[in-house]
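Engineer: Encoded as structure tokens, here's the structure I'll be asking about.
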Amino acid sequence: MAKRKVGPVLAEIREAIEGIETYTAGKTLADFQRDWLLRLAVQRALEIISEAARHMPDELLAQASGVPWKKIRGIGNVLRHEYHKIADDVIWAVVVENIGPLKTAIDIISQHISGE
1287 MAKRKVGPVL AEIREAIEGI ETYTAGKTLA DFQRDWLLRL AVQRALEIIS
1337 EAARHMPDEL LAQASGVPWK KIRGIGNVLR HEYHKIADDV IWAVVVENIG
1387 PLKTAIDIIS QHISGE
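Each residue of the sequence shown is one higher than the one before, starting from 1287 at the first, in the working numbering.
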């Protein structure tokens, strides 16, 4: 895997998180299940987060050790290759329970990098 600069990778993750937050704000699981385009957009944003996390050095990820980085890195493979097994309620749980803490983790990591 080609080495990428950390700053742009963090920006990609932050943009995907903000997109998820913006378009799921005020929504319920039922709203999410009814909205085909929203489901696909959230899944794509999670793929981007997953792939970008693969380009983050482990020593930086250790700055936010409470985040399940292995699962984040792995969810992209599920979304790309096992999409027929994806349950809306599982994706929605990721949105509701994990996106906020992930955003906080990205902010913490951002404080540990020098300007690239």
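Quick reminder that beta carbons are idealized off the backbone N, C-alpha and C, glycines included. Predicted model, so just to flag it, every value in this text is computed and none were measured.
1) Which same chain residues, not among the five before or five after M1342, have their C-beta less than 7 Å away from its C-beta?
2) Taking 8 Å as the limit between beta carbons, can you name the residues of its chain near R1325, skipping five residues before and five after?
3) How should N1384 be labelled, buried or exposed, when 16 other C-beta atoms within 10 angstroms of its C-beta is the threshold for buried?
4) Below 8 Å, how does it come out for the stretch 1349–1358 and the stretch 1307–1314: are there three or more Cβ pairs, yes or no?
5) Can you tell me whether DSSP reads H1398 as helix, strand or coil?
Structural biologist: Let me lay it out:
1) V1292 and V1295
2) F1318, Q1319, D1374 and I1377
3) buried
4) no
5) coil
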